[in-house]
Structure formats: C-alpha cells, structure tokens
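Taking it in order: structure first as structure tokens, then the write-up.
There are 2 protein chains.
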Amino acid sequence: MGMTGERAPICEMLTAYAGSRRTAFHVPGHKQRAAWHVGNADERYQPLLEWDVTELDDTDDLHHPTGPIAEAQRLAAECFGADETRLLVGGSTAGNLAMILGTAEPGDLLIVQRNAHRSIFHGLMLASARAVLLPPEIDRESGLGVIPNVQAVAKALARYPEARGVVLSSPNYYGMAGRLRPISEVCHAAGVPLLVDEAHGPHFGFHPDLPPSAMQEGADLSVQSAHKMLSALTMGAMLHMRGTIVNREAVRQALRMVQSSSPSFPLLASLDLARRQLHVEGSKAFEPALEAVRRVKEGLPDTRFRSVGPRNDSGSGVGDGFRYDPLKLVLHDAEGRLDGFRIRDGLSARGCEAEMADARYVVLAFGIGSRPEDGDALIEALRDLSADSGRSDRTPERPRPMAMDGGTADIPEPVQFRRDRGGRSESVPLERSVGRTAAEWIIPYPPGIPELYPGEKINEAILYRLAEWKKQGANIQGAEDPSLRSVRVFLAD
Amino acid sequence: MGMTGERAPICEMLTAYAGSRRTAFHVPGHKQRAAWHVGNADERYQPLLEWDVTELDDTDDLHHPTGPIAEAQRLAAECFGADETRLLVGGSTAGNLAMILGTAEPGDLLIVQRNAHRSIFHGLMLASARAVLLPPEIDRESGLGVIPNVQAVAKALARYPEARGVVLSSPNYYGMAGRLRPISEVCHAAGVPLLVDEAHGPHFGFHPDLPPSAMQEGADLSVQSAHKMLSALTMGAMLHMRGTIVNREAVRQALRMVQSSSPSFPLLASLDLARRQLHVEGSKAFEPALEAVRRVKEGLPDTRFRSVGPRNDSGSGVGDGFRYDPLKLVLHDAEGRLDGFRIRDGLSARGCEAEMADARYVVLAFGIGSRPEDGDALIEALRDLSADSGRSDRTPERPRPMAMDGGTADIPEPVQFRRDRGGRSESVPLERSVGRTAAEWIIPYPPGIPELYPGEKINEAILYRLAEWKKQGANIQGAEDPSLRSVRVFLAD
C-alpha cells in the first residue's frame, strides 16, 4: 500500500489538464461546456465534462499507453495481483471478447462452461472457434448452476489435448463461486491457460469474508466488472494477465479491435479511483456493505424469507464446495407464497430495488457504496412484505433442474461456432424444431444454464429437455416465446 | 421540430428515477454515492453518479429497447433523417464493426476505400471478409486523400458483381468530404448498400454552410461520432439505417455482440441531449462555432499561416469536387518555416490545443461548444507565433503524394482479411521485407492513406513506395520505426 497506492495517475493528469485552462481546438465537440439548457442536465454534467477530454500527448493513449494510463495500469496490476492489467472502457464484454479472440484462432478448440455469459459465446462466434461446452455442477441447496467440476475439466483436457484453454465464468449471477485453484492446476499441468470471466467478482480477495479472486487462485487471465461491486462508473472493467502461458500481445491486439479508439477519460479515471480506494482502504472498504448484509440476516428470522448460502454471519459458505459472495443476498419465500418476481415487485413498491429475480429467487446486490442503513431499509421492507398476505398466481416449487452433472456425464462433442446468418429466421412450433438451428437463447432460471444458444442444432435430446422445462412452467429468459410453444430457428440455407 | 423534438426521453427517465430516492440493491457498486476522498473527485462525479444506473424494467435495455431508449432512438432517427437509429456507447468503433459484421459473412466481398479508419479494417478482420481496397482521390490543393471517385466505384462494382456493399469514410480527419450522392446512386443501381463511416461528420446537414450528411446523400448505413463535433460525451455515437437493402436485424445483432451488456446511461443520456440540442436549436447551434472560424479567417492575412480549402467565408468549398467542413481549420505556414508539429507546439505554448498535426498541416477542430472568443484566442496565438522567428529543423515541402489515382488506376485484386496470428512478429530491415506479411500499419501523413496494413503481403511495388516515402522523410504514423529503416512483419508460419 503506502504512498504509491495512494496515487491516482489518471485523475492527477486530468486535474492538472483541467487546471491549465487551455482553449480546446480538438474533440470532443462540447469543448468542456454544457449548454443543453434542459432541467438540471447542465449542472449534472458540467463538473465531469471538464475531464471528458481526448487522447493527446499529455493525456495518453489507451491502446498504446506510455503515460498516466500506463502508470494507472501498473498500480492496478499491483493491487489485483496481476502481472499486467488493462483498463477497459467497453465493460467486461470487451474483456471477454478479447480473452477469446486473443486465445483462439479460427477452428481452435476451447473448453467452455455451458452457462457462460453471452459475451463468451459472442467471442467464440467472432473467433470462429470450436468449443466443448461443459455443463456446470448444480448447487444442491439452490438448484443453480455454478462451474464444471475439476474432474470434468481434467477429462475434457485429456480427451482434447489440442484445447487452447479453459474458459469459466465464476462467480455466477447469484454470487456462487467455484473453487478455481484445483482447476488452474489441472490446466497448467496440461500447459493451457485458465481464463475466467469474473465480471461479478471484482471485490474478491479484498476482505477475509470474501472468496479469493481468480488471480489468487492461479488463473492466467481474468476479466472483472469494476462497476458491478466496486466504485467505477458503469462500463468500467479490467482485464488481468498473469504468467507466461498467454500471448499477451494477442490479447492487447484484440482489445484494440473491440474497444473504442476514442475512450472515455471519466470512465478511465473512475477505474483509477476505484483501484485507489482498495489500495488505500483495503478490507475496511467493505465493512459498511458487510454490516448492511449482517443487519438483514439478523432480521430475516422475523420474516418468512430465507437466504441461500451459508448460515453463519461471516459469509464464508461451504455448500457443495462452492463459495458464496456475502454481498449477494439470494432470498426466497420459505412459505412458498410469493415467487421471486413478486418478492422483487413487493420490495420495489417499498422503495428497495433488487438486482434480478427468477421464478424462485430475488437477488439483492450490495456493493462498496452500500451503507449499513441500506440493510435497515431492506429488512424493514421485507418485514412489511412478510406481513402482507399476498400470494403469487403460481406457487413456485423448489426447482428441479434436470441432471446436467458437471462431473460424471460424458464429455460433449466440440461445436464449431460461427456468426449467425444475419437474422433471417422464423418461428416454428417446438415439436417441429428438430433438425433446425436455433436463432435464439433459451435459458431457464434457475439454473441459468442455456438449454439452447443461437447456432445450436436442435436434436431429440434437446427437444425432450425443452418439453420438460415447458411442462414445469419454467421461467425462460431471452426467448421470444417464454411459454416455449414455439422457438426461433434460422431459415434453411 | 416542435414539442416532440424538445423531449429527451432518457434524461426524463433518469431525472424521475433519481428523484424517486429508492435504495439500490443492484449494480453499479457505487450505489450513486461517491466516496473516493481524493482532491475534488467526489464533487466532480457525484451529480452524474445519480444517473449512472443499470438496465432495469424502468430504465430500458439498450440491446432490446422498448421504453425511453427506443423513444430516444426514434427521435434521433427523425432528427438525422434515418429510418432507424441506434445509440452507441462504444463509439463509432462499435458502429463501424457492426456495419461490416452485419453486412459481410466470411468470404463475402466488400468494396472499401483504402484510407478507411482502422476500425473498418478491424471489422473486415473479424468478419473474415474479402475486400477490394480502392485508392482515394487526392485533393490537389492539400495533397490529402479523400474518397474514391464514382467512376472507380462503378468500375469495381461492375468487375465484382458479387460485392455485398461499398464502404467509405467521409469526411476525412481533415474535414474533406466526398460527394456521396452519385456514389449512392451507382450502389443502388447495382443493388448494394452504401455504408459510410461518417465519424467526423455528425453535424453535417444541420446548417447551410455545412456539407450534407451521408443520410441526405442516399447512404444506407452511416456511423457518426456524436462526441466529436456535437455535444455528447466521448464514446457517444450513432448508427443510422435507411431503406430496405440492409438487413437491419443483422446489424442490430452485430451491435449486441460488440457493445457492452452494461451500457452507460450518462453516455446514452448525453446522446439524447445532443440530439435534442439540434432538434431545438437547428442551424443556430452552429453559429457561435462558425463565427469563431470567421474571426480566425479574417485575421489570417496578418499572419504567415494559410488555410486549406475554400477562400470564401461561407465555408462551402469546391476544391476538386470535394466539400470542406468549415469547422475544421487546416493551417500551414505559407513561408514554409514551421512544419505542422512546430505550429501545433507553438499554439500549445500559447494556450491553444490543436486536434492533430502532420509534417505540413495543423488541424484545429471547432465544435458545437466552441464560442466566438475561441476564435479570438486562436488568432491572437497565431499572430504571436507568426512574429516568432522560429524555424523547423526540416522545412516541410508541399507533399508529393505518389499517384494513387482514385479513378483511372486498375481496380485492385480482392484481399482476404483475417485476424492476425496473435502478435508473434519481428522487425526486419525494410529492404528484406518483400514476401513477408506486415504486422503493423504504415500511414504517411499527408495523405493519410495506409501504404501497409497488418496482414498485407509486402511486394516489390509496396517496397518501392515505402522507399520513396522514406526518401521524402515522410511523417509516418503508427509505425514502430517511423524512419522506415525497418518494418514489423509476422513470423513465418
């Protein structure tokens, strides 16, 4: 920590630049002056417009940094335990795309968990890569998919020695994280990198109650949405690189392709500030948020809502060998009267906005900006909602995700990814979809594992599974027809 | 115009949302509270953090908009003369990538001007497209490359009837725009779309002194950096679509692939505000900037600096049939004592920051935020610099760009683009580079036309041209060795 970590090179540069009061004959066109004259928009933007500058010799170049951006990246690498960190202005999406594009050439094979974020699938499509899609293990308590187990990864690597890397998304949207250390060891024994989409875990490793980060567990690349749980502006993210297995220049080159050639300095500066906050405050930065969660958990027994995950207050869960992010509170109605959507709506009506809901759960995301009194507000809303006699139209049952065993199932055949054929598609009845190629995502929540992704060929086994989900009345996200009577497929060539 | 154009749906939504004072249990992690405690960073960010929210039912979804974002896009389409407009948070880079990815499947052929922006080349690489690279016509007065002429485009379309579209970048970085109407007519007669990277021309068509926009001239797709000349935040851009030739769903799908799944609302709102400003103020919005330019041009005869382009004050130039953006002032030293870099540095020392410089010219970019007094500041700096007896080490000659005739030359053979081989490259002496594949850009300014792009095979003709530029002591941008003694090439497979 010490003096170096207290520096914020991009902010210092911007402060000096704004203070020099030069007349701008360069972009952006607003010339650091807000003149929209509507509501209080001008007052809202004006202070930050002074930092909305362009890439000049003084301000540095994100794609070939040599000045303050390079220095901010060195400090970030130090803070997050990486050998090299790249600040991202295109969100974890940009990092995930670059992770895949920088690792796989057309036709190269990657081992990828099936419940990866869409941006991972988009990366596979843009890279024209092949992938073995491994089903994740299911957390028994919640029925949610986490990551494939280490045996499955080892088996896949043994069967496909040509694999160029293993791609995992951990933690999942619900804050459940896999144990990555054994997997990184298996990867390194096979000479391939472990690439982790850690979008939801930028805070991992910074407090004893938080799970360790992918970097700490031996990952070679990790991508973190610094805006999700830390204090950066939305779209601010980081890509961390460690070790020598990864071709770093290929990753940097991929970032130059997918990110704007006019990056936002207010965004970059917010990443610098978010990193500095961790450097300076360390684990203390998360105490207010953890205290907020503690207050909610203390009050939960007085309500009919229960949380998924560890029962102890420390937040370090065990589950099925998974770890739980204590800053994600996953609640359900123990009396089964309200489904996740109704809980979310009930909380919203009481002034508390949740992160997401599914047929069973509501997810409340705390963050570095949360305050203890936020916990008071939430428990008060939960108490009030608990006293409400409301009932959902359909009582949510404990989900019965169909077996997609992360360990013992056979390793699937590789799939060749490609970009879809330009959206020329049609909707067909589910029962007549066999043999067609899906043009949409079908993702039941929980467990949040895609049953179908755009480009996947629909076979009898898939049809059976979709029919089962339909029978269960599952909550299907992303599909054009959530009732699964029909499915969108590409027109035949 | 009227009431509808005065609306700003995204801003209205954010104002209402911020005013509802709900407690956030969703991302972003800062929870609308700045707590970095360094300098005045907290005060700078706080007002806008209240608008830095996430995609919720209330706030809308950029990738599948149905609420305020959809409405803002409809207003933008109306304002910019498009049938459909998509707001972009990834800059024109995202729009250019999507324009190519949405038009070309692997192996498809596009007709592309050789001096296109790098993002166009990156799009070709990601799309694995083939391209016929047409040299642009050179503006005789300035020696700068603009766009290929209509005869060259027609010839290329006749020779390659399988072409899926024509891709142009207009205006160029110096503000010179080609006449697009005849080209769009040739394209439509051939049944292919005209796609225009209009990053530098978001203001075109909004004032009688400004050239018409690509949409007005019949383009099917155009991409504009609303931050460059209008008042949006940096990275704010728009993609406009018109007519029925383009598969719009394919373009939308490509945008979903290359843009963040957590888009920035302050950025989106700034696009809404920038559009509203044009809708409400119309041509008046550009009067202050045009007056600033007028004041500079009036004062120029008292200095030894001269501007490229139209001599009249109205800004409507003729040149070689090109149009000049009056808001880009391109200056050089009529006595040939200072090169473009020295002029830039001299102006910077006098408090005026230029957009860019090359061996001969300095480019001053005015924008919608420029004020008449900015012109006074610039002319004062120019007068002072003019009185200075300074001299560059090397006197910049009028550039002698080698013939790359946009009309009469033979149509080049198509090139198959692909992503490079992961950055494994080496530097070799220029004279030993024939037969190797370039791993870097070599772009002499002026004329700003790539002599070599990553992936291009170096042949004797290219070597000759590079040796000529080296002899001229050209200003080579982007190259590892700007002296051109060596060039970076990929390692042999």
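So the sequences go chain by chain: A and B.
In case it helps, our numbering puts the first sequence at residues 116 to 608.
In case it helps, our numbering puts the second sequence at residues 116 to 608.
Glycine residues also receive a C-beta, built at the ideal position from the N, C-alpha and C atoms.
Note that the structure is predicted; figures quoted are calculated from it, not measured.
For L383(A) and I184(A), which I take to be in contact (beta-carbon distance under 8 Å), what is that distance rounded to the nearest angstrom? 7 Å
Taking CB distances under 8 Å as the criterion, tell me whether M214(A) reaches chain B. no
Return the chain-ordered list of same chain residues with a C-beta closer than 7 Å to the C-beta of L348(A), the five sequence neighbours on each side being excluded. H342, P381, L382, S385
Give the straight-line distance between the Cα atoms of Y160(B) and V366(B), rounded to the nearest whole angstrom. 34 Å
What in chain A is Cβ-close to L241(B), meaning under 7 Å? L241, M372
Return the residues of the stretch 135-155 of chain B that lie within a Cβ-Cβ distance of less than 9 Å from chain A, sorted by chain order. S135, R136, R137, T138, A139, F140, H141, V142, P143, G144, H145, K146, Q147, R148, A149, A150, W151, H152, V153, G154, N155
Which residues, in chain order, does the stretch 366-395 of chain A contribute to contact with chain B at a C-beta distance below 9 Å? V366, R367, Q368, A369, R371, M372, V373, Q374, S375, S376, S377, P378, S379, F380, P381, L382, A384, S385, L388, A389, R391, Q392, V395
For the 8 Å Cβ check, are there 3 or more pairs between the stretch 322-338 of chain A and the stretch 280-297 of chain A? yes
Straight-line Cα distance separating G316(B) from L405(B): 15 Å
Along chain A, which residues have their Cβ under 7 Å away from the Cβ of K343(B)? V142, P143, G144
Step through the CB atoms of chain B and report whether any lies within less than 8 Å of the CB of E546(A). no
Three Cβ pairs or more, each shorter than 8 Å: is that satisfied between the stretch 384-399 of chain B and the stretch 219-239 of chain A? no
Would you identify the three-state DSSP class for Y132(B), choosing helix, strand or coil? helix
Quick one: using the 10 Å Cβ neighbour count with 16 as the cut-off for buried, is D417(B) buried or exposed? exposed
If you draw a straight line from the C-alpha of M214(B) to the C-alpha of R438(A), how long is it? 42 Å
Please classify D202(B): does DSSP put it in a helix, a strand, or coil? Note on identity: in this sequence residue 202(B) is Leu, with Asp being the wrong assignment. L202(B): strand per DSSP, three-state reduction.
Contacting residues, own chain, Cβ-Cβ under 7 Å from G436(B) (five flanking each side not counted): R294
Sheet register partners of F420(A) (DSSP bridge): D448(A)
For G260(B), three-class secondary structure by DSSP: strand
Taking all protein chains shown into account, decide if C126(B) is buried (16 or more other Cβ within 10 angstroms of its Cβ) or exposed. buried
Return helix, strand or coil for F140(B), following the three-state DSSP convention. strand
Using a C-beta cutoff of 8 Å, does Y289(B) count as contacting chain A? no
So does the stretch 268-283 of chain A actually touch the stretch 301-319 of chain A, counting three or more Cβ pairs closer than 8 Å? yes
With a threshold of 7 Å on Cβ separation, who are the neighbours of G210(A) within its own chain once the five nearest residues in sequence on each side are excluded? L203, V338, A352, L354
Can you tell me which of F236(B), E193(B), S422(B) puts its alpha carbon nearest to the alpha carbon of V530(B)? F236(B)
Roughly how far, in whole angstroms, is the beta-carbon of D198(A) from the beta-carbon of M356(A), given that I think they are within contact range, below 8 Å? 6 Å
For chain B, check one thing: does any of its Cβ atoms lie closer than 8 Å to the Cβ of V311(A)? no
Close-in-space but distant-in-sequence residues of the same chain around G107(A) (CB under 6 Å, 5 per side omitted): Since the first residue of chain A shown is 116 and the last is 608, residue 107(A) is not available in this structure.
Contact check, P565(B) vs I558(B), beta carbons under 8 Å: yes
Taking the alpha-carbon positions, what's the R136(A) to T359(B) distance? 48 Å
Kindly indicate which residue of L453(B), S485(B), P251(B) has the alpha-carbon position closest to the one of V477(B). L453(B)
Beta carbon proximity, W166(A) to chain B, threshold 8 Å: yes
Could you compute how far the alpha carbon of R459(A) sits from the alpha carbon of S207(A)? 26 Å
Are at least three pairs of beta-carbons, each pair with one atom in the stretch 391-399 of chain A and one in the stretch 462-478 of chain A, less than 8 Å apart? no
Just verifying my parser: in three-state terms, what is the DSSP assignment at L310(A)? strand
Mind reading off the beta-carbon distance from E541(B) to L581(B)? Whole number of angstroms is fine, and I expect it under 8 Å. Rounded, the Cβ-Cβ distance is 17 Å, inconsistent with contact.
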